[in-house]
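See structure below.
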């Protein structure tokens, strides 16, 4: 499989931006990348009334919750400690959290209060390695089949930060990871966690842990925690992919990229994958993945994974299906995905997912064999400050079939782009060998409505 990489140098005297799907792990005044990511589809656990809950609407860290030791403030430029210390966790609104301009938690619902740790805004920049927001001790004696639902915010921007939900049964002396929080930019995550491992436990505490990795990161938000009894049968489909091996963006050994638009000449066998979580209290035997494929609304058949798997309570599995079907004509492909087991699900409405992409061809108006990357579900822009010399952005395409010709590259310029500016585009392969260089000067008509 051949990988092609498109990179663009933008040279200018004033500000300009272009479309990109690559996250740049640099934070500062010169350039800043805003990325919007598909919200991880993790619907809340089906539950009864909450045995224990907290929504932080009291406006302060609740009584009985522990925010740990204070953290040291650091110099914004050097990162050197200042010898002054502040609380790592506070309660506030989205506007409060974003007082430094880099921690953009959605205001959902409007005016909502939540607990958060902010690595950037006043009174920090701070040393936030291994900080935690700890609940009171809960007595689960006589309780079985419990689960936790909670809203979490963790975007992972600008630093190698990590976030976890942990549990302790020895008063906080030791902690066990019970959930790893994925990164999701500009989206609260509705998380459901089985607590079956703590049935009848008399002393259970939970910690929401965040670590900035020693870098200058954003932070973590926590809201609307509820602990309640789970229903027995409740599979939930999380993330889904139109590729069998979703993985690291720059892994050149496997096909792991999805496409919004795919040329017919690059079409291969359709494979789909889904993340499935058992949010119920009972094991789910013979769990299978079904996929019905449509092209322009016409069914091409329903395909089912050949063998099922058992998913235990509180565990997650990735189901993969090779359909054996390959697109033969251009058109919009829609894949309707369903997950089911031998048990009757409490809410089959969250056992489904849909994936769509366009297969392009020479007969499609304005879409002559367009190839457009859509993985890992990121879109965004990079803005270059005035007097900056250049910035580099790029994307990757995985070429499955030989014989395709790359004729051009599409860029989108944001409002307030000013002239003069020049774009240089480099097309390279896995070995970083440059096969083509394109250069053009941005003209006024590029910035008009018609352009």
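In my numbering, the protein residues as written are 902 to 1352.
Where a beta carbon is used, it is the ideal one built from N, C-alpha and C, also for glycine.
According to the neighbour-count rule (16 or more other Cβ atoms, all chains shown, within 10 Å of its Cβ), is residue i buried or exposed?
i            : result
residue 1120 : buried
residue 983  : exposed
residue 971  : exposed
residue 1229 : exposed
residue 958  : exposed
residue 993  : buried
residue 1215 : buried
residue 1261 : buried
residue 1341 : exposed
residue 1187 : exposed
residue 1333 : exposed
residue 1129 : buried
residue 1074 : exposed
residue 1349 : exposed
residue 950  : exposed
Within a Cβ cutoff of 8 Å, which residues of the same chain sit near residue i, ignoring the five residues on either side of it in sequence?
i            : result
residue 1353 : This structure does not reach residue 1353, given that the chain is present from 902 up to 1352, and the question cannot be answered.
residue 1197 : 1232, 1233
residue 1309 : 1339
residue 1200 : 1193, 1194
residue 1117 : 928, 980, 1020, 1021, 1026, 1059, 1060
residue 1008 : 994, 995, 996
Could you give the distance in angstroms between the alpha-carbon of residue i and the alpha-carbon of residue j?
i            : j            : result
residue 1035 : residue 1170 : 48 Å
residue 1346 : residue 1318 : 12 Å
residue 1142 : residue 1173 : 6 Å
residue 1337 : residue 1168 : 24 Å
residue 1031 : residue 1113 : 8 Å
residue 1028 : residue 1094 : 29 Å
residue 1298 : residue 1324 : 20 Å
residue 1247 : residue 1180 : 10 Å
residue 1087 : residue 1019 : 15 Å
residue 1010 : residue 954  : 18 Å
residue 1303 : residue 1132 : 51 Å
residue 1015 : residue 1077 : 24 Å
residue 1301 : residue 1208 : 28 Å
residue 1389 : residue 969  : Summary: the structure shown does not reach residue 1389, with the chain confined to residues 902 through 1352, and so no result is reported for it.
residue 1243 : residue 1217 : 17 Å
residue 1070 : residue 960  : 29 Å
residue 1089 : residue 1080 : 16 Å
residue 1227 : residue 1312 : 30 Å
residue 1306 : residue 1178 : 42 Å
residue 1144 : residue 962  : 43 Å
residue 1108 : residue 1044 : 20 Å
residue 1072 : residue 1039 : 10 Å
residue 1255 : residue 1166 : 24 Å
residue 1235 : residue 991  : 44 Å
residue 1017 : residue 1115 : 18 Å
residue 1013 : residue 1316 : 31 Å
CB residue i to CB residue j, shorter than 8 Å?
i            : j            : result
residue 1176 : residue 1140 : yes
residue 1258 : residue 1158 : no
residue 977  : residue 1000 : no
residue 1124 : residue 1085 : no
residue 1204 : residue 1219 : no
residue 1237 : residue 1189 : no
residue 1006 : residue 995  : yes
residue 1161 : residue 1273 : yes
residue 1183 : residue 1211 : no
residue 1239 : residue 1221 : no
residue 1002 : residue 1053 : no
Could you name the residues of the same chain whose beta carbon sits closer than 7 Å to that of residue i, not counting the 5 residues immediately before and after it, in chain order?
i            : result
residue 1363 : It is not possible to answer for residue 1363, since the shown part of the chain is limited to 902 through 1352.
residue 1004 : 998, 1019, 1021, 1022, 1119, 1120
residue 1206 : 1189, 1190, 1220, 1222
residue 975  : 981, 982, 983, 1026, 1027, 1028
Taking 6 Å as the limit between beta carbons, can you name the residues of its chain near residue i, skipping five residues before and five after?
i            : result
residue 1063 : 1112
residue 986  : 971, 973
residue 1353 : Nothing can be reported for residue 1353, as the shown portion of the chain is limited to 902 through 1352.
residue 1335 : 1327, 1329
residue 1110 : 1033, 1065, 1067
residue 1271 : 1162, 1261
For chain D, find out if any of its Cβ atoms is closer than 8 Å to the Cβ of residue i; answer yes or no.
i            : result
residue 1246 : This model lacks chain D altogether; it includes just one protein chain.
Consider the C-beta atom of residue i and the heavy atoms of the ligand NAP; say whether any pair is separated by less than 7 Å.
i            : result
residue 1271 : Judged by which ligands are present, the structure shown has none, so any question about the ligand NAP falls away.
Query raised in the report: Considering only residues of the segment 955 to 1043, which uninterrupted beta strand (DSSP E) runs meet the minimum length of 3 residues and lie entirely inside it, listed in chain order?
Result: Runs of the beta strand (DSSP E) lying entirely within the segment 955 to 1043, each at least 3 residues long, are 972 to 975, 982 to 987, 991 to 993, 1015 to 1019, 1032 to 1035 in chain order.
Query raised in the report: In chain order, which beta strand (DSSP E) runs of at least 3 residues are fully inside the segment 1175 to 1209?
Result: Within the segment 1175 to 1209, the complete beta strand (DSSP E) runs of at least 3 residues are 1185 to 1196, 1199 to 1205.
Query raised in the report: Taking only runs of the beta strand (DSSP E) that begin and end inside the segment 1090 to 1159, which ones reach a length of at least 3 residues, in chain order?
Result: Listed in chain order, the complete beta strand (DSSP E) runs (minimum 3 residues) inside the segment 1090 to 1159 are 1090 to 1095, 1106 to 1112, 1120 to 1130, 1136 to 1142.
**Report entry** Ranges of the beta strand (DSSP E) found wholly within the segment 1212 to 1253, counting only runs of at least 3
**Finding:** The DSSP assignment places 1217 to 1223, 1232 to 1241 as complete runs of the beta strand (DSSP E) inside the segment 1212 to 1253, in order along the chain (cut-off: 3 residues).
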